[in-house]
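So in full-length UniProt numbering, the last spot in the sequence shown is 251, and the numbers never skip.
Glycine is no exception: its CB is placed at the ideal position from the N, C-alpha and C atoms.
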Amino acid sequence: MLKEERQQIILDMLVKEGKLVAAELSSRLNVSEDTVRRDLREMDNAGLLHRVHGGALPSSPTLASFGDRERLGAEAKMSLAQGATSLIRSGQVILMDGSTTTLQIAKAIPAHISATVITNSPPVAVALAGHPEIEITMLGGKLFKDSLVNLGPAAIQELQHIRADLCFLGVYCIHPEFGISLPHNDEAFVKRAMIAGSSEVVALVTPDKLGTSAPFIVAPASALTCMITSNEVPENILLPYREQGITVIQY
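Printed below as a string of structure tokens:
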């Protein structure tokens, strides 16, 4: 079997099964474990999958500019955001992470809701600037241009003195076994601080992010109180998250 054929079979298996174990692949493909590890390493370098210890997971969504991500799946994100606003109550202190989905939540908060929003995202702050009843606090730090969020020690230090009722967390990748992850370690530090300072943590997760993994782990999936995702996601995909005590809501 040609290497290209074997690697396509590996990709097909990964799509169907969501996770591959190198030792099992060796037997299924009738090749050595060294060959499998070499294939997985090459495919990881090509961005076709994410190699982990002992096997592979689906690769994270392609990293694009904030503007491109905002346009991608915009209608679906708006639907999830409308559902997320039902969790907001007047009088709450809310942490809003920076992502294209949390930006949609900011735009969708009803005018009668009175709350304090603390965010590290300039786009979220600007979106809320016209809201008549929302008080906005910006976290400091260095602007990370890829995600348009403030990061670094200043943001983390401020978060250590905050106890929020609710956190809307931007999620790049989530896997029931490997947790919440992303490509940039500096973002992971700030997200961990947001989780630690919040009574409830909610993530809006589009279907392409489920079951994927990236190099830097933020927290286990169970750090979420609630996950909001699309109606099109089948129950067998969602069950491992429900089993960890996460409330899963579909719109």
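Uninterrupted beta strand (DSSP E) stretches inside the region 150–232 (no shorter than 3 residues): 164–169, 173–175, 179–182, 198–204, 216–219 and 226–229
C-beta atoms of Asn-150 and Leu-159 nearer than 9 Å: On the sequence shown, position 150 is the one that residue 150 refers to. On the sequence shown, position 159 is the one that residue 159 refers to. No, the pair does not count as a contact, with Cβ atoms beyond the cut-off.
Supposed close pair His-131, Ile-109 - CB separation, criterion 8 Å: The residue you call residue 131 lines up with position 131 of the sequence shown. The residue you call residue 109 lines up with position 109 of the sequence shown. Right, their Cβ atoms sit about 6 Å apart.
Other residues of its chain near Glu-17: CB distance less than 6 Å, five sequence neighbours each side excluded: Position 17 of the sequence shown, counting from 1, holds the residue named residue 17. Cβ neighbours of Glu-17 beyond the five flanking positions: none.
Pair within 9 Å by beta-carbon distance, Ala-164 and Leu-95: The residue you call residue 164 lines up with position 164 of the sequence shown. The residue you call residue 95 lines up with position 95 of the sequence shown. For Ala-164 and Leu-95, yes; Cβs fall inside 9 Å.
Ser-181 beta carbon less than 9 Å from that of Ser-60: As a first step, residue 60 is located in the sequence shown; it is residue number 60 there, counting from the start. As a first step, residue 181 is located in the sequence shown; it is residue number 181 there, counting from the start. Taking 9 Å as the Cβ cut-off, Ser-60 and Ser-181 qualify as a contacting pair.
Residue burial classification, Lys-209 (beta-carbon count within 10 angstroms, cutoff 16): Start at 1 with the first residue of the sequence shown, and residue 209 comes out as number 209. Lys-209 is buried by the Cβ-count criterion.
Spatial distance of Ile-88 from Leu-48 (CA atoms): Within the sequence shown, the letter at position 88 stands for residue 88. Within the sequence shown, the letter at position 48 stands for residue 48. For Ile-88 and Leu-48, the distance between alpha carbons rounds to 38 Å.
Collapsed DSSP secondary structure at Ile-136 in the structure displayed: Translated into positions along the sequence shown, residue 136 becomes position 136. If DSSP states are grouped into helix, strand and coil, Ile-136 belongs with the strands.
Those runs of the alpha helix (DSSP H) which lie wholly inside the UniProt domain "HTH deoR-type" (3–58) and span at least 4 residues: 3–17, 22–29 and 33–45
Sub-9 Å separation of Cys-167 and Asp-97 beta-carbons: Position 167 of the sequence shown, counted from the first residue, corresponds to residue 167. Position 97 of the sequence shown, counted from the first residue, corresponds to residue 97. Taking 9 Å as the Cβ cut-off, Cys-167 and Asp-97 qualify as a contacting pair.
Own chain residues within Cβ distance below 8 Å of Ile-249, not counting five before or after: In the sequence shown, residue 249 corresponds to position 249, counting from 1. Cβ neighbours of Ile-249 beyond the five flanking positions: Gly-83, Cys-226, Met-227, Ile-228 and Thr-229.
Proximity below 9 Å, CB of Leu-204 to CB of Ala-81: In the sequence shown, residue 204 corresponds to position 204, counting from 1. In the sequence shown, residue 81 corresponds to position 81, counting from 1. Cβ atoms of Leu-204 and Ala-81: closer than 9 Å.
Buried versus exposed, by CB contacts within 10 Å (16 or more), Gly-197: In the sequence shown, residue 197 corresponds to position 197, counting from 1. Buried, by the Cβ-count rule.
Contact belief for Leu-20 with Leu-29 at Cβ below 8 Å, rounded distance in angstroms: Reading the sequence shown from its first residue, position 20 is the one you call residue 20. Reading the sequence shown from its first residue, position 29 is the one you call residue 29. So it is not a contact: roughly 11 Å between Cβ atoms.
Residue span of the beta strand (DSSP E) that contains Lys-77, given as start and end: Indexing the sequence shown from 1 puts residue 77 at position 77. Taken as a continuous stretch (DSSP letters only), Lys-77 belongs to no beta strand (DSSP E), being part of the alpha helix (DSSP H) at 74–84.
Residue closest to Pro-176, alpha-carbon to alpha-carbon, out of Thr-35, Leu-57 and His-53: Here residue 176 refers to the residue found at position 176 of the sequence shown. Considering only alpha carbons, the answer is Leu-57.
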